[in-house]
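Here the protein sequences line up with chains A and B, keeping their order.
Residue numbering for the first sequence follows our numbering, starting at 1 and increasing by one per position.
Residue numbering for the second sequence follows our numbering, starting at 1 and increasing by one per position.
The beta-carbon is built from N, C-alpha and C at its ideal position, and this holds for glycine as well.
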Amino acid sequence: GDSVTQMEGPVTLSEEAFLTINCTYTATGYPSLFWYVQYPGEGLQLLLKATKADDKGSNKGFEATYRKETTSFHLEKGSVQVSDSAVYFCAQTKRGGSYIPTFGRGTSLIVHP
Amino acid sequence: DGGITQSPKYLFRKEGQNVTLSCEQNLNHDAMYWYRQDPGQGLRLIYYSQIVNDFQKGDIAEGYSVSREKKESFPLTVTSAQKNPTAFYLCASSLDRRSYEQYFGPGTRLTVT
Numbered sequence: 001g002d003s004v005t006q007m008e009g010p011v012t013l014s015e016e017a018f019l020t021i022n023c024t025y026t027a028t029g030y031p032s033l034f035w036y037v038q039y040p041g042e043g044l045q046l047l048l049k050a051t052k053a054d055d056k057g058s059n060k061g062f063e064a065t066y067r068k069e070t071t072s073f074h075l076e077k078g079s080v081q082v083s084d085s086a087v088y089f090c091a092q093t094k095r096g097g098s099y100i101p102t103f104g105r106g107t108s109l110i111v112h113p
Numbered sequence: 001d002g003g004i005t006q007s008p009k010y011l012f013r014k015e016g017q018n019v020t021l022s023c024e025q026n027l028n029h030d031a032m033y034w035y036r037q038d039p040g041q042g043l044r045l046i047y048y049s050q051i052v053n054d055f056q057k058g059d060i061a062e063g064y065s066v067s068r069e070k071k072e073s074f075p076l077t078v079t080s081a082q083k084n085p086t087a088f089y090l091c092a093s094s095l096d097r098r099s100y101e102q103y104f105g106p107g108t109r110l111t112v113t
């Protein structure tokens, strides 16, 4: 079935370092792709999305580009802050045309001062 | 402010007892969802409801039950038949069944001993 694979964490960085969190998907067709963020003890919040190939989603300095040829949607940020420490989830719209997302396992990001 | 509330934030129960988790939204959303989150496993869909008085099983519905008598409320009952009920439970909503973006509540951490 359709699935989303994320790089395992935790990813540990120093403040102002460059961030990449890899995400690949397996859905056929043209799913919509998302990144959600979960801060400690909270629910998930939508960070950014892309609904068609070559779209770039961006928000709060984070970016991800929908790459159909590599079935990827990697999350990037040029300069991370301590406040970016959280768990990041990649997601795609679910199989069978349903609009319910399938989530990856999440990648924990820890940013040190 | 519009949003989703889940209560309580922490819940403790003895094995063999049923327990009901509350989820309320004032976003006027048609669709609501319950997810279970376990460390390293991402989010797994338990039940969802796309309209009042209707709901469908998700990927891991066994041992759970729901009701959707009102648009704003979607309570989840964890029954004694659920073999591993200790987890973090997240409720979410979306505008309607065709909306990609989900809005999450803060979650309830259930511990069963």
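- Residue environment for ASP84 of chain A: buried (at least 16 other C-beta atoms within 10 angstroms of its C-beta).
- Its Cα nearest to that of THR26 of chain A, the residue A:THR71 stands out among A:THR71, A:ALA50, A:VAL111, A:LEU33.
- Scanning B:GLU101, B:VAL52, B:ARG13 for the CA closest to the CA of ASP30 of chain B turns up B:VAL52.
- Partner residues in the beta bridge of TYR36 of chain A, as assigned by DSSP, are A:LEU46, A:PHE89.
- Counting only runs that start and end inside the region 31-78 of chain B, there is no alpha helix (DSSP H) element of at least 4 residues.
- ALA81 of chain B has its alpha-carbon roughly 42 Å from the corresponding atom of PHE62 of chain A.
- Taken in chain order, the members of the region 35-48 of chain A whose beta-carbon sits within less than 9 Å of a beta-carbon on chain B are TYR36, GLN38, GLY41, GLU42, GLY43, LEU44, GLN45, LEU46.
- Close partners of PHE103 of chain A in chain B (Cβ separation under 7 Å): GLY42, LEU43.
- Contacts with chain A at 9 Å (Cβ-Cβ) do not include TYR64 of chain B.
- A straight-line Cα-Cα distance of about 31 Å links ASP55 of chain A and HIS112 of chain A.
- Chain A has a Cβ within less than 9 Å of the Cβ of GLY58 of chain B.
- Not flagged as an interface residue toward chain B: SER58 of chain A, since no C-beta distance is shorter than 9 Å.
- Looking at the backbone, the Cα of LEU47 of chain A and that of LEU19 of chain A are separated by about 15 Å.
- Under the 9 Å criterion on CB atoms, TYR99 of chain A is classed as interfacial with respect to chain B.
- Those residues of the region 72-97 of chain B placed with their C-beta closer than 7 Å to a C-beta in chain A are LEU90, ARG97, ordered along the chain.
- Cβ contact annotation for LYS57 of chain B (same chain, cutoff 7 Å, sequence separation greater than five): TYR47, in chain order.
- Looking at the DSSP output, PRO101 of chain A bridges to A:THR93.
- It is roughly 20 Å from the alpha-carbon of GLY9 of chain A to the alpha-carbon of ARG36 of chain B.
- Among the residues of chain B, those whose CB is under 7 Å from the CB of SER32 of chain A are TYR100, following chain order.
- Taking a C-beta distance under 9 Å as the contact criterion, LEU110 of chain B and LEU21 of chain B qualify as a contact pair.
- Annotated as proximal: GLU72 of chain B and GLN25 of chain B, with beta-carbon spacing under 9 Å.
- Take LYS77 of chain A, set aside five residues on each side of it, and the residues of its chain with a beta-carbon closer than 6 Å to its own are LEU19, GLY61, PHE62, in chain order.
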